[in-house]
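**Q**
Chains as they are written, first to last, in our numbering: chain R, 1 to 108; chain Z, 1001 to 1198.
Here's what the structure looks like:
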C-alpha cells in the first residue's frame, strides 16, 4: 500500500532515529536528576546544568522524534517554529521584565 | 482511470500535508500557552503565602518515574508510526496500546500526587505558587488525557478501517501531539520539579 507520508515523516527516519533519540534523551534526563540528587554542584551551577540539559533534550526530541530538519521539513513549518520562538521570547521575557521590576520596586 | 486514481492520490497527499501544517500551527499555539504558564509559574514560585513550597511537596522519585513513562511512551509511539509505514496493522495496534498503558500510568501517578497534595491542604487554593503549579502541571495532564482518548479512538479506527490514507494521516498528527507533550514535560521537570528540590 502506498503511503502519503510526505513531509516530516517521509525518508530515512527509521528505527535508528527513535533509538538514538531515546538514548540521548535518557542521558540528558539522567544528568540533571543525578546533579540534583547528589547535590554535586552549588545551586547556581546546578540550575545551569538543568537548563542546558533541558534545551539540548528539547532539540533532541525535535530532531529525532518530530523529525524536524532543514532538508525534508517544509519551509512554512520551520517559519512557524521561528515565529513561535520569537513570540515566546517577547511574551515570556516581557512578563519577567515587568514582574521582577515590579517586585523590586515593591520591596523598596 | 489510472490518471484519475493518480490525481486522487496526489490530492489526498496534498490534503495530508495541509492538515499536518494546520495541526502544526495548533501545536505552536499550544507551545505559546505552555510558555506563558511556565512564565507565570516562575513568577509565582516564591509566593507561598506561608504555606508549603516545592521542597516540602515534590517527590523526585515520582517525578522521575513519570518522566521515564512519558519518554518510553514517546518511543513506543514512534514504533507504532514505523509499523504503519510497513502496513502492519496488528503491530500498530499493539504499540499504540503499549503507549496507552504507559501514558495512563503517567496520568495515574500525576492524579495520585495531586490528591496527596490536596489531602494535606496544599490544593490550588492554598497559595499563588500552588495555583500556578496546578494550572501548569494540570494543563499538561489534561493534554495527556486527551491524547490517551485519541489513541483509543485511533486504535478502533485502525481495527475497523485498516491503515487507509485518512487513518494514517490521523496517526501522523497524533504522533506530533504525543511527541510534543513529551517536550512540554521536559520543561516541567526542568523548571518545576528539579529546581523546586534544590
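Beta carbons: idealized from backbone N, C-alpha and C, even for Gly.
#1: Could you check whether the Cβ of residue 27/R sits closer than 8 angstroms to any Cβ belonging to chain A?
#2: Pick helix, strand or coil for residue 20/R, following the three-state DSSP scheme.
#3: What residues from the region 40–62 of chain R come within 8 angstroms of chain Z, judged by C-beta to C-beta, listed N to C?
#4: Evaluate the contact criterion for the region 1151–1158 of chain Z versus the region 1099–1110 of chain Z: three or more CB pairs, one atom per stretch, below 8 angstroms.
#5: Going by beta carbon distance, what residues of the same chain come within less than 7 angstroms of residue 1109/Z, once the five residues before and after it are set aside?
#6: According to a CB-to-CB cut-off of less than 8 angstroms, which residues of the region 71–93 of chain R neighbour chain Z?
#7: Do you know how far the Cα of residue 1142/Z is from the Cα of residue 1163/Z?
#8: Count the CB pairs spanning the region 74–94 of chain R and the region 27–40 of chain R that are closer than 8 angstroms, and state whether there are at least three.
#9: Could you check whether residue 47/R and residue 1124/Z sit closer than 8 angstroms to each other, using their CB atoms as the reference points?
#10: Under a three-way DSSP split, which group does residue 40/R fall into?
#11: How big is the Cα-Cα spacing for residue 1080/Z and residue 1028/Z?
#12: Could you check if residue 77/R is buried or exposed, using at least 16 other CB atoms within 10 Å of its CB as the buried criterion?
**A** Quick look at the numbers:
#1: Here the protein chains are R and Z, and chain A is not one of them.
#2: helix
#3: Cβ contacts with chain Z come from 43, 46, 47, 50, 51, 53, 54, 57, 58, 61 and 62.
#4: At 8 angstroms Cβ cutoff, the stretches touch.
#5: Beyond the five residues adjoining it in sequence on each side, residue 1109/Z comes within less than 7 angstroms, by CB distance, of 1062, 1065 and 1066 in the same chain, given in chain order.
#6: 74, 76, 77, 80, 81, 83, 84, 87, 88, 91 and 92
#7: 28 angstroms
#8: Counting Cβ pairs under 8 angstroms, fewer than three are found: no touch.
#9: no
#10: coil
#11: 24 angstroms
#12: Looking at its Cβ environment, which holds 16 or more other Cβ atoms inside 10 Å, residue 77/R is buried.
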